[in-house]
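Here is the structure we will look at, set down as structure tokens.
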Amino acid sequence: MSVLRVPDPADAEVLADLWATNREHLDPWSPERNADFYTVEGQLDLLERRLEAMVQGRGAYFVVLDDDRVVGEINLNDLVRGAFQNAHVGYWLAADVQGRGLMTRAVEEITTHAFDVLRLHRLQAATLAHNERSQAVLRRAGFESFGRAPRYLKIGGQWQDHVLFHRFTPHDV
1034 MSVLRVPDPA DAEVLADLWA TNREHLDPWS PERNADFYTV EGQLDLLERR
1084 LEAMVQGRGA YFVVLDDDRV VGEINLNDLV RGAFQNAHVG YWLAADVQGR
1134 GLMTRAVEEI TTHAFDVLRL HRLQAATLAH NERSQAVLRR AGFESFGRAP
1184 RYLKIGGQWQ DHVLFHRFTP HDV
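For the sequence shown, the working numbering assigns the number 1206 to the last residue and increments by one with no breaks.
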């Protein structure tokens, strides 16, 4: 059974609540966000922009499910075609459902989608250098580390080092 589905604008309320409820848990791993992000209106605006990006082929966005309950998100961002055929994987999961393999399954499913449906050649992901749990998720899903990027992304208000991961398609695309 799939743990992913395409989000619906009706998910805005649940996502706003999840972000607000999990803010203390997620903020250390996230870029700084304005107050609107944590509102239903802010989440609805984000969902609408993401759904439009999917239609335009610039990304793929999914909610992560625990049975039928939305508990997180996983995305393919910065999708580039042409000679690159690449996207960046990003994800988060509510604190109360971590440690059960949901995110590993979600990464495996989005990887299958990227390679079999979108026909991408490569996926990339970056984790904070000290985020060993996220690194373990990527490794379990077949990603390999290929380097360290100093001061890569501004997370928690500071430019922080990240470990970079990638995975290549098994198909000849």
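Ideal placement from N, C-alpha and C gives every residue a C-beta, glycine not left out.
Between Arg1038 and Phe1095, how many whole angstroms is the CB-CB distance? I'm expecting something under 8 Å.
Taking the sequence shown and counting its residues from 1, one reaches residue 1038 at position 5. Taking the sequence shown and counting its residues from 1, one reaches residue 1095 at position 62. About 6 Å; that satisfies the 8 Å criterion.
List the whole-angstrom C-beta distance separating Val1196 from Thr1160, where the pair is believed to meet the contact cut-off of C-beta under 8 Å.
Position 163 of the sequence shown holds residue 1196. Position 127 of the sequence shown holds residue 1160. About 5 Å separates the two Cβ atoms, so the contact holds.
Based on DSSP bridge pairs, tell me the residues matched to Ala1120.
Along the sequence shown, read from residue 1 onward, the residue named residue 1120 stands at position 87. DSSP, once it has assigned bridges, lists Leu1156 as partnering Ala1120.
What is the DSSP secondary structure of Asp1111, reduced to helix, strand or coil?
On the sequence shown, position 78 is the one that residue 1111 refers to. It is a strand residue.
Residues of its chain near Trp1192, where Cβ-Cβ distance is below 6 Å and the 5 sequence neighbours each way are ignored
What you label residue 1192 is simply residue 159 of the sequence shown in a count that begins at 1. Closer than 6 Å at Cβ, skipping near neighbours: Arg1184.
Run the CB neighbour count on Ala1127, radius 10 Å, all protein chains shown included, and call it buried at 16 or more, exposed below.
Your numbering for residue 1127 matches position 94 in the sequence shown. The residue is buried, with at least 16 neighbouring Cβ atoms inside 10 Å.
How long is the line joining the alpha carbons of Arg1200 and Glu1177, rounded to whole angstroms?
The count along the sequence shown starts at 1 and reaches residue 1200 at position 167. The count along the sequence shown starts at 1 and reaches residue 1177 at position 144. Spanning the two alpha carbons is a distance of roughly 6 Å.
Name the residue from Asp1111, Pro1061, Trp1062 whose alpha carbon lies nearest to the alpha carbon of Leu1156.
Counting from 1 along the sequence shown, the entry for residue 1156 is found at position 123. Selected option, being the one with the closest Cα: Asp1111.
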